[in-house]
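A quick write-up on the structure given underneath.
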């Protein structure tokens with residue numbers, strides 16, 4: 001889902017989001033940020049309890065400039081984050097191992113997004129149901145129509161967090177190694193070993209009656225580079 | 001690398017590391033924690049600056065009960081973490097999308113490790129060189145012998161962090177969906193779509209002279225489930 005037409009094309013960098021190391025790898029364009037977020041399934045949510053940082057992996061999804069994630073009402077992460085404390089949400093895709101001619105210039109190709117903000121719980125039951133449907137269909141397009149929607153009790157037991165994307169940056173490294181000038185004369189191989197997420201053949205639940213075919217929603221699941 | 005022979009088989013759970021949601025998914029065995037850490041390339045390091053959490057992705061490696069990560073001396077993450085502030089390091093592998101018969105019971109298969117502690121910079125140049133070699137060869141076995149070691153200046157420009165694994169837990173979900181009893185009668189397909197990281201064919205640096213073959217270290221790179 002794109003941002004409304006009057007949305008600026010880029011997030012303004014702030015002191016926290018301005019990429020200082022390798023500033024040429026930094027990006028603030030909505031298009032770049034959106035594409036990295038939309039290519040991922042899990043984010044890492046950072047929050048603080050009594051001075052101690054916690055980093056919890058969780059599934060997320062995006063609608064325009066809103067980032068959502070969910071979980072059990074019993075989750076420490078969601079109980080804490082739901083209080084409106086500052087959070088940092090990071091999404092990272094590793095795209096390759098960069099093999100330079102020196103140990104020092106070895107690197108990784110990656111795409112990452114870091115978003116700062118405060119999240120709030122989605123309270124309204126209908127809104128909660130709507131965004132959970134969007135999440136389900138985002139992962140497996142059409143899956144909501146194939147499966148049972150949540151009961152009222154299940155909706156109550158599900159916490160959905162919403163955070164506005166405002167203070168956001170992306171960082172991207174692509175391409176071959178950048179070696180020191182003199183090292184290009186070394187005789188060793190140098191380049192990139194690409195890394196990719198793949199989906200394997202669906203594995204049926206052993207409790208599924210024989211003859212139930214893999215559904216179209218499950219066949220429609222896509223991952224990785226959008 | 002395994003722990004010394006007198007190391008207990010498990011990390012004792014603490015109030016912070018005890019897995020509360022789905023306690024059956026929690027694991028504290030060194031063997032489980034080690035295998036999850038050793039299957040990964042990047043971790044997410046959480047730290048706090050003036051109450052604000054930051055979550056930074058970075059490459060890491062393990063030796064026994066020591067976790068290492070590195071980066072530029074100019075990195076905000078390393079400058080902060082090097083001061084000995086509390087950190088949380090999380091490593092996550094997504095292994096599958098779990099498609100249940102209800103929206104509510106959809107899930108993910110994953111393996112994750114969360115480690116709390118304080119990191120310290122490796123100061124000694126020789127020790128730094130040794131662990132950087134171990135890291136390089138961990139990613140691409142034998143690569144240190146094929147490429148140029150760091151100069152003194154490069155060593156100085158590299159920060160290496162070390163954190164003892166002490167307060168650590170793993171969380172693992174495997175297997176098919178766990179649906180509500182009544183939902184098993186629904187006619188929809190249910191099961192798991194496995195997700196896997198793969199390496200593609202090495203891509204030579206365009207600046208590599210023609211005829212240099214992919215080296216044995218690069219061919220030896222392995223990923224994912226050990």
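Protein chains in written order, with our numbering: chain A, 1 to 226; chain B, 1 to 226. Ideal Cβ positions, reconstructed from N, Cα and C, are used throughout, including at glycine.
Counting the other Cβ atoms within 10 Å of the Cβ of residue 146 of chain B gives 16 or more, which makes it buried. Going by beta carbons, residue 169 of chain A and residue 56 of chain A fall outside the 7 Å limit. Per the Cβ contact rule, the stretch 209-218 of chain B is not in contact with the stretch 152-159 of chain A (fewer than 3 Cβ pairs under 8 Å). Between residue 141 of chain A and residue 82 of chain A, the gap from beta carbon to beta carbon reaches 7 Å or more. Taken through DSSP and simplified to helix, strand or coil, residue 38 of chain B comes out as helix. Sequence-ordered contacts of the stretch 149-163 of chain A with chain B read 149, 150, 151, 154, 155, 157, 158 [C-beta pairs closer than 9 Å]. When the five nearest sequence neighbours on each side are left out, the beta carbons in the same chain lying within less than 6 Å of the beta carbon of residue 33 of chain A are those of 113, 168, 170, in order along the chain. Given a length threshold of 4 residues, each whole run of the alpha helix (DSSP H) inside the stretch 121-209 of chain B is given here in chain order: 125-139, 143-146, 152-157. Residues of chain A whose Cβ lies closer than 8 Å to the Cβ of residue 125 of chain B do not exist, since the nearest Cβ in that chain is about 14 Å away. According to DSSP, residue pairing for residue 75 of chain A in a beta bridge does not occur.
With three or more CB-CB distances shorter than 8 Å, the stretch 48-62 of chain A counts as touching the stretch 34-53 of chain B. Counting only residues of its own chain and dropping the five nearest sequence neighbours on each side, residue 28 of chain A has a CB closer than 8 Å to the CB of 10, 11, 12, 13, 17, 168, 169, 170. Here residue 51 of chain B really is in contact with residue 48 of chain A; their C-beta atoms are around 7 Å apart, less than 8 Å. For residue 44 of chain A, the neighbours in chain B by C-beta distance under 9 Å run, in chain order, 44, 46, 55, 57, 90, 92. Of all C-beta pairs linking the stretch 104-113 of chain B to the stretch 175-191 of chain B, three or more are shorter than 8 Å, placing the two stretches in contact. Close CB contacts of residue 129 of chain B within its chain, under the 8 Å cut and outside five residues either way in sequence, are with 149, 150, 155 (chain order). At least one CB atom of chain B sits nearer than 7 Å to the CB of residue 192 of chain A. Residue 189 of chain B and residue 132 of chain B have their alpha carbons spaced roughly 48 Å apart.
According to the DSSP assignment, residue 218 of chain B belongs to the alpha helix (DSSP H) that extends over 216-219. For residue 8 of chain A, not one C-beta of chain B is nearer than 7 Å to its own C-beta.
Straight-line measurement puts the Cα of residue 194 of chain A at about 12 Å from the Cα of residue 205 of chain B. Straight through space, the alpha carbons of residue 74 of chain A and residue 35 of chain A are spaced by roughly 31 Å.
The Cβ atoms of residue 19 of chain A and residue 96 of chain A do not sit closer than 7 Å to each other. Counting along the chain, the unbroken beta strand (DSSP E) around residue 109 of chain A starts and ends at 107-118. It is roughly 43 Å from the alpha-carbon of residue 25 of chain A to the alpha-carbon of residue 101 of chain B. About 40 Å separates the CB atoms of residue 115 of chain A and residue 186 of chain A; that is not less than 8 Å, and the two are not in contact. Under the Cβ criterion of 7 Å, residue 218 of chain B is counted among the residues facing chain A. By the C-beta density criterion, residue 125 of chain B is exposed, having fewer than 16 other C-beta atoms within 10 angstroms. Of all residues in the stretch 199-214 of chain B, those with a C-beta nearer than 9 Å to a C-beta of chain A are 199, 200, 201, 202, 203, 204, 205, 206, 207, 208, 209, 212, 213, 214, reading in chain order.
For residue 166 of chain A, the closest Cβ of chain B is not nearer than 7 Å.
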